[in-house]
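Below is one structure; the comments refer to it alone.
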Amino acid sequence: MNRRDFVYGAASLAAAPGIPRLVSAPQEGRSYPARRDAYLAAVRTAPLQRIVYQPPASEGGQPGFRFTVPDPGKHLWNHLFALLASDSSGEQRPAGAPEGVTVRHIIQALITFPNLFHFNADGPARCFHRYPKLVSEQNRAYFFSGHSRSLLNHPDQANHNLFTGEGTENHLAMCRYSGYLLCQNWLQDHGDDARARLGLRQTREYIITHARDVFRTGTGEWYSSTYYGYQIRGLLLAFEYAKDQEVRSACHALLDLFSAEIALKYLNGVGCGPESRGAPGETPWSREIAQIAWLWFGDRSGEAGPKAVTNAVYAALSSYRPPAILEKIARKRGMVGEEYFNSHPSYLLDQPSVSRETLYFGPGYAVGCSYLPAAGYTGASSQFLPVKIAGSETDSAAWVIYGGSNARGTTGTGRSPYDQWAHYRNVVMQFTWVPEGAEANAAAAATITKAWRESWERRFDERWGAGGVRSGGPTLSAVRTDGIESLLFLPSEIPMERRSAVEEGVFFLKLDRIYFAVRSLLQPLPTYRPAAGGLPPLLAESVRRGEAGGLGGFVIEIGSQSEQSSFAAFQRQVLAKTRLDKTLLAPEREITYDSLAGCRIVVRVGTRAPAPLIEPLFDWGITPGDRRQSSPIRPPVAKQPTYPAAGASLEGWGRIPEVLIDGKPLGGADFLDLSRPYPVISGPKVTQADGVLKIQEGASRYRIDYAGAIPHWYDHF
């Protein structure tokens, strides 16, 4: 058949003319209810965080509480909804709360909380639709039109960012999608409110247009283990409660897209792809994105799974289920040897393909690497995780190795102006090149960033005034310019075995059943530093400027027990079959590596950067001078400063290396040429390009065609 009918669970929602009906949710795996129930049970027993309880003001009075953060809705709604799922009365006492403090009391405090700017919109949206009796009519009216930042108090710009182009990608996903639901709810009994009708129309247009845009470009906040959960929770709510079927169709398509990327980059409890906004130190299910993946797909380990209270609660309480075809992909069945070549847009999607990513799956491990043309000098760049090596050879939970460099070197995160990465299958190469003039470049970057921040904050204050709503603006990230640091941060919790082949210049490392052969570009061997002071163990190549030249780094080859039978066999093969040629390292910044598989990999450090070279823009994309602005579908991009070049070659700023595999460009001629378009996802099982998502696993097929005005679902290609 040409198209599989997609039918919503809510029978009362009749399909509008011309809009395809959505498919019924795929049948749940037998273990899904058990995973969901176990997770929600663990959430309910955890004490509420970021809340301080206070004794009664007088004898016999009620105890009180206060929030310790300016955005308590960010942290509390998911916990409260898990409690309500087992007892909808709201009269239960949260774990750790004193007698007299109930879920209902906390909900009333959140509904009337003065700061609705970021994270306190989707909680009320779900509450009004699912638990309306827990909110008094007085407090509901106050939320919508009472205090100065209430939903409908500004005819042109209600609630500051529910209907405007201001905020990060995850803010918009929460606020716009929730803003739609809030207007829908208010219009049920205030149908003549022109403000709510305007808000409903604006948010509807944004949701549908944004969904189409993301299908063409991918997400700007790509694969963020920190913030994907917030995007998804907004989508899940609109999918669940929107009465407009075209809105639900757009949400369903985006959720399928997110679930496909999550399944592709999930490895037994951790994420195995590089991230735009992440944090180091990932352990099994320590990130929201992995917790959601565990709920949807499970894993091989049979472990109890996550217990932290995060946005995974929204996934657990939703009727949405990912396509069943994704389960085998998430569990990495039959994916050994698969390669993916992907692209990412600029943060606000105004440039569709400005960075690249490679992803490879070996037996029991995965490697992901990003090719980023960011200058690397601000706090936005410091949130990148440029490379991740994840391992899980056995059925135990997985672990992650991060790479670091001159930016925030002690944490294992950040895009430095001086690092470049290259990756082909099971080989990773890191370069840290600190050119002449680095100190002057850093000083210039500091001056530019300071002026940018001052302008940013001034424009923000002009729009919003003091009023308790603040933006920090771009910050300068500490970047080392007086030497070289190339770092590999190792997992603390995995037993390791080490051996140094000093004469051959190879450091061998065994983690679980995954093997590593690491060579330094400058030192005889990488320096191993055991865990100390709360920091993970690491391999380092660190030199002072002038001691050993201006270019350092690693070449890393990865193997496994299933490939080489033993750690000793891996060492013998590496010493016998691989070769690192550094003859051209000093004069040409080029190396050649012959791998175990017989591939010749040539990497030359890039000396030119894409222009104009700017920093990522994660917050507040607003054109200067815009004070009050109705909902733009594509947020206007603030004027960013272009960071200067250090000479005609643009040395010392975010660059892309040249990579040849057996004489041919990595990924084809278009892959590392950032002036050319490239598919969002390109690989054997998942592809996304030109508004079409395709998934295949064995004989099964799943396709979403969103090239037109509305998405269509098919069970064939």
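Quick note: the sequence shown, position 135, residue 1080 per our numbering, numbers continuous. All C-beta atoms, glycine included, are put in the ideal place defined by N, C-alpha and C.
Rounded to whole angstroms, how far is the Cβ of residue i from the Cβ of residue j, which I believe are closer than 8 Å?
i	j	result
residue 1148	residue 1121	5 Å
residue 1074	residue 1130	6 Å
residue 1076	residue 1181	Between residue 1181 and residue 1076 the Cβ distance is about 16 Å, and since that is not below 8 Å, they are no contact.
residue 1503	residue 1459	7 Å
residue 1132	residue 1142	7 Å
residue 1088	residue 1016	That pair is no contact at about 16 Å.
residue 1619	residue 1318	6 Å
residue 1561	residue 1292	5 Å
residue 1036	residue 1274	That pair is no contact at about 43 Å.
residue 1349	residue 1432	4 Å
residue 1031	residue 989	6 Å
Determine the closest residue to residue i out of the options, with distance taken between C-alpha atoms.
i	options	result
residue 1171	1014, 1438 and 1231	1231
residue 1056	1266, 1222, 1430 and 1018	1018
residue 1634	1518, 1534, 1383 and 1290	1290
residue 997	1193, 1039, 1035 and 985	1039
residue 1194	1551, 1662 and 1157	1157
residue 1602	1658, 1383 and 1363	1363
residue 1252	1519, 1024, 1304 and 1543	1024
residue 1632	1201, 1191, 1028 and 1133	1201
residue 1278	1211, 1392, 1549 and 1314	1211
residue 987	1020, 1059 and 1028	1028
residue 1512	1526, 1457 and 990	1457
residue 1224	1209, 1243, 1330 and 1139	1330
residue 1049	1086, 1314, 1281 and 1010	1010
residue 1198	1628, 1229, 1033 and 1655	1655
residue 1160	1391, 1257, 1477 and 1652	1652
residue 1390	1367, 1423 and 1400	1423
residue 1532	1304, 1378 and 1586	1378
residue 1070	1052, 1014 and 1325	1052
residue 1267	1662, 1312, 1647 and 1395	1647
residue 1476	1519, 1324, 1441 and 1388	1441
residue 1487	1392, 1393, 1376 and 1139	1376
residue 977	1520, 1392 and 1269	1269
Are residue i and residue j close, meaning C-beta to C-beta below 8 Å?
i	j	result
residue 1090	residue 1097	yes
residue 1337	residue 1351	no
residue 1214	residue 1187	no
residue 1611	residue 1369	yes
residue 1495	residue 1466	no
residue 1444	residue 1516	yes
residue 1470	residue 1450	yes
residue 1288	residue 1221	no
residue 1505	residue 1308	yes
residue 1233	residue 1321	no
residue 1347	residue 1453	no
residue 1294	residue 1113	no
residue 1216	residue 1481	no
residue 1365	residue 1551	yes
residue 1546	residue 1285	no
residue 1189	residue 1119	no
residue 1306	residue 1283	yes
residue 909	residue 1538	Not covered by the structure: residue 909. The range shown for the chain is 946 to 1662.
residue 1446	residue 1520	yes
residue 1534	residue 1524	no
Within the same chain, show all residues whose beta-carbon is closer than 7 Å to that of residue i, passing over the 5 residues directly before and after it, in chain order.
i	result
residue 1261	981, 984, 985 and 1240
residue 1054	none
residue 1012	995 and 996
residue 1207	1234, 1237 and 1238
residue 1615	1621 and 1623
residue 1008	998, 999, 1000, 1001, 1043, 1045 and 1046
residue 1607	1544 and 1545
Ordered along the chain, which non-local residues of its own chain (more than five positions away) have a Cβ less than 8 Å from that of residue i?
i	result
residue 1617	1301, 1316, 1601, 1602, 1603, 1604, 1610 and 1611
residue 1192	1125, 1149, 1152, 1153 and 1183
residue 1166	1113, 1114, 1115, 1172, 1173, 1176, 1221, 1222, 1292 and 1563
residue 1662	1639, 1641, 1646 and 1648
For residue i, which residues of its own chain have a beta-carbon under 6 Å away from its beta-carbon, when the five flanking residues on both sides are left out?
i	result
residue 1384	1426
residue 1436	1344
residue 1507	1308
My parser needs the alpha helix (DSSP H) runs of 4 or more residues fully inside the segment 1176-1252; what are they?
Listed in chain order, the complete alpha helix (DSSP H) runs (minimum 4 residues) inside the segment 1176-1252 are 1190-1209 and 1233-1242.
Secondary structure, alpha helix (DSSP H): runs of 4+ residues fully inside the segment 1374-1428:
Qualifying alpha helix (DSSP H) stretches, in chain order: 1383-1409.
Any chance you could list the beta strand (DSSP E) runs of at least 3 consecutive residues sitting entirely within the segment 1308-1333, in chain order?
The segment 1308-1333 contains these whole beta strand (DSSP E) runs: 1310-1316.
Start-end ranges of the beta strand (DSSP E) lying completely within the segment 1002-1040, minimum 3 residues
Look at the segment 1002-1040 and you find these whole runs of beta strand (DSSP E), each 3 residues long or longer: 1009-1012.
Ignoring anything shorter than 4 residues, give me the alpha helix (DSSP H) runs that lie fully in the segment 1047-1088, in order along the chain.
If we require 4 residues or more, the alpha helix (DSSP H) runs fully inside the segment 1047-1088 come out as 1048-1056 and 1067-1075.
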